[in-house]
Amino acid sequence: MNADEVASFLHAHPDFFIDHAELLAEMNFSNTHGASAVSLVERQVGLLRDKAKLLEGKLGELIGFGEENDIIAEKVHRLAVDLQGANDMSRAVGALYTHLTGAFTVPCVAVRLWGIAAGDAETAEEFQPVSDAIKLVVNSLQHPYCGPVEGQEAALWFGERSTPIRSLTQIPLREQGFGGACFGLLVLASEDPYRFYSDMGTLYLSRIGDLAAAALLRVVG
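Per the working numbering, the sequence shown runs over residues 963 to 1183.
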């Protein structure tokens, strides 16, 4: 009888060791932790201990992720409070730049707006002309773009730098959130090629975009 046949027999007769409990005390197994041999019970205890350590590690990771999310949520909340208190475009844009470059440690931030009345702010950098190609791309985004700067025209907004930017995220600014008309773009960029990557989560980026869009629509014009 080979090993597969033994395994099949035990599967077909789950009460075998109940009827022959004395065999369990006689069975020894190699020990993965270094000892020459251990009993079945000792082996099971060892396996359960290893499994407990693995689960403990996974729980620690989940707690870490939760704490990180709490920190990000608090930063977003503080940004929202300052945007809500802004009563003109200068203060709204200033709040964006201050929080994103400060609390969020994003080295490069840019905002461009179009399709809305500029009012007294028509000479502001945020109203510099934007190509139709960018408008078309941004309007087609269903969620923020995250990834390398290659092929992204918005990367040119940051000009020549001693340390070139390597990754960025493009966050559409829309009326009434997702699905609304796009009237601008918020770009965050970094010299770190892994700061913004293609499969990263974009929930908080989208929320920042919604907050920025609501504030700018309120104060511009």
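Cβ coordinates follow ideal geometry from the N, Cα and C atoms, glycine included.
- For I1078, no alpha helix (DSSP H) encloses it, and the DSSP letter there is neither H nor E.
- For a cut-off of 8 Å, the C-beta gap from V1100 to P1134 is around 5 Å, short enough to register as a contact.
- Rounded to whole angstroms, the separation of the alpha carbons of G1019 and S970 is 34 Å.
- The three-state secondary structure of S1093, taken from DSSP, is coil.
- Counting along the chain, R1136 sits inside no alpha helix (DSSP H); it lies in the beta strand (DSSP E) bounded by residues S1129 to R1136.
- The shortest CA-to-CA distance from V1149 to any of A1086, Y1059, T1125 and A1065 is the one to Y1059.
- Per DSSP, F971 is one residue of the alpha helix (DSSP H) stretching across A965 to A974.
- In this structure, A1151 lies near L1130, with their beta-carbon atoms less than 7 Å apart.
- Distance from the Cα of E1087 is smallest, within the candidate group V1111, S1168 and L1147, for L1147.
- Straight across, the Cα-Cα distance linking G1028 with G1113 is about 35 Å.
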